[in-house]
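Heads up, the thing below is written out as structure tokens.
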Amino acid sequence: MYLDIQNIHEIDVFRDLTSNELDKILPFIHPVKIFEGERLVREGDISQILYIIISGNYLVYFKDGRSFTLHNKGDMIGWSTIASPFRYHESAVALTDGEALTIPIEDFLYLMQSDSDLGNKITQKVTEIIRQRKDFVRKATTEEE
Amino acid sequence: MKGFEAIAFYNGWNISATGILIVFTALCTLSFIISQLHKILMIIEKKDDYIRKAKNIVSLSKRTGSRRKMRASRNFKESARQFNLLIRSMKDPFSLPKLITLAKKVDIARPYSTLNDLLSANIIVPDGKGYYSWDQDTYTNILEKE
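Just so you know, the protein sequences line up as chains A and B, in that order.
At position 125 of the first sequence (counting the first as 1) the number is 1149 in the working numbering, and the numbers step up by one without a gap.
At position 59 of the second sequence (counting the first as 1) the number is 301 in the working numbering, and the numbers step up by one without a gap.
This is how it looks when you write it as structure tokens:
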């Protein structure tokens, strides 16, 4: 997949970013092909990579058996990459072949710390995702404790 | 007999040409190997990735082949039937990850994409709390249409 500012800007999480901010984030984003049945993240593992879906269908699930599916461009997997305690709160597996953008945590945190405006905008987007998934996450976190 | 005459008499020119050719070929081969060395090193560094991708491709091609095109009809029907049998052995509503684990245990072909097809067809529907149910009416309707 070819990446440029235009097609990155079309993704929801980056929609509010300026051209200058997109320029900064572009080198940290890596497109990957994902195969059916491929496990992306495992609940409890140290979070290292954030996935942003471009295409394909994905099952996100928790140790207690609850799950939901993601299939929209811009949906994120592994949002806990940027939130303490930096462990995945969920597991995710690809139901079909697809494509995703990956952002390694170290690069991502460095970027957010070096540019507070950019960091705030991305944190707001991640907070939205947490709010949407709060019931799942709350229960999973409570059970872990 | 001396000089060029002696060289010609003892096949000196041919031997020299052969020698030059051998040395030149060896140097070309060596320079080619050196020029491609970075690719070999990259393959060695990323061998785990390549092995994983190759395994994925092989397992997919083994399982799919021409079946993929037929999935919408006979295969889908058969997979739906197999999933239906599995789900009957689970409590309702059921867990999708547990369903996949069961499907893999009984060796259903392509459990992930089949599950995706069943979700897309609304045969498996979410209960809004993270669990799922089997919609028998939709299942029956789809079977009748086919």
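Just so it is clear, CB atoms sit at the ideal spot from N, CA and C, and this is done for glycine as well.
For the 9 Å CB-CB criterion, glutamate 1045 of chain A and aspartate 1139 of chain A form a contact. Along the stretch 245 to 276 of chain B, the alpha helix (DSSP H) occurs as fully enclosed runs of 4 or more residues at 245 to 251, listed in sequence order.
Under the Cβ criterion of 9 Å, valine 1117 of chain A is counted among the residues facing chain B.
At a cut-off of 9 Å, the C-beta of tyrosine 292 of chain B has no neighbouring C-beta in chain A.
Closer than 9 Å to the CB of isoleucine 299 of chain B there is at least one CB belonging to chain A. Here tryptophan 1103 of chain A is not bridged, per DSSP, to any residue.
Assignment of tyrosine 373 of chain B by DSSP, reduced to helix, strand and coil, places it in the coil class. For aspartate 290 of chain B and isoleucine 365 of chain B, the gap between their C-alpha atoms comes out near 38 Å. According to the DSSP assignment, alanine 1124 of chain A belongs to the beta strand (DSSP E) that extends over 1122 to 1128. With a threshold of 9 Å between beta carbons, threonine 1126 of chain A makes no contact with chain B.
Rounded to whole angstroms, the Cβ separation of isoleucine 1053 of chain A and phenylalanine 1110 of chain A is 20 Å, and the two are not in contact under 8 Å.
For the pair glycine 1089 of chain A and aspartate 1121 of chain A, the CB atoms are not nearer than the 9 Å cut-off. Taking each of A/Ile1106, A/Ile1153, A/Ala1118, A/Glu1114 in turn and checking the Cα distance to tyrosine 1134 of chain A, the smallest one comes out for A/Ile1106. Any Cβ of chain B closer than 9 Å to the Cβ of threonine 1093 of chain A would place that residue at the interface, and such an atom is present. Using a Cβ-Cβ distance cut-off of 8 Å, the stretch 317 to 327 of chain B and the stretch 344 to 352 of chain B are in contact, since at least three pairs of beta carbons, one from each stretch, lie closer than that value. Residues of the stretch 1054 to 1085 of chain A with a Cβ closer than 8 Å to any Cβ of chain B, in chain order: Phe1059, Glu1060, Gly1061, Glu1062, Asn1081, Leu1083, Tyr1085. Taking the Cα of leucine 1125 of chain A as reference, the smallest distance to any Cα among A/Leu1041, A/Lys1087, A/Leu1064 is reached at A/Leu1064. In this structure, DSSP gives isoleucine 350 of chain B a state outside helix and strand, which the three-state scheme calls coil.
The three-state secondary structure of serine 362 of chain B, taken from DSSP, is helix.
Excluding its 5 nearest sequence neighbours in each direction, serine 1104 of chain A has C-beta neighbours in its own chain below 6 Å: Ser1071, Tyr1112, His1113, listed in chain order. A straight line joining the alpha-carbon of phenylalanine 336 of chain B with that of alanine 351 of chain B spans about 20 Å. DSSP places lysine 1145 of chain A inside the alpha helix (DSSP H), whose first and last residues are 1140 to 1156. Taking C-alpha positions only, histidine 1095 of chain A is separated from tryptophan 376 of chain B by approximately 21 Å. Of all residues in the stretch 335 to 346 of chain B, only Ser337, Leu338, Pro339, Lys340 place a beta-carbon less than 7 Å from a beta-carbon of chain A. Here histidine 1054 of chain A is bridged, per DSSP, to A/Thr1126. Cα atoms of aspartate 1040 of chain A and threonine 1147 of chain A: separation of roughly 12 Å, rounded to the nearest angstrom. Note that the C-beta distance between isoleucine 1101 of chain A and isoleucine 1076 of chain A is below 9 Å.
Contact annotation for arginine 1155 of chain A against chain B: no contact, minimum CB-CB distance about 17 Å [criterion: below 8 Å]. Check the Cα spacing between tyrosine 381 of chain B and each of B/Asp334, B/Ile286, B/Leu361, B/Leu269: the tightest is with B/Leu361.
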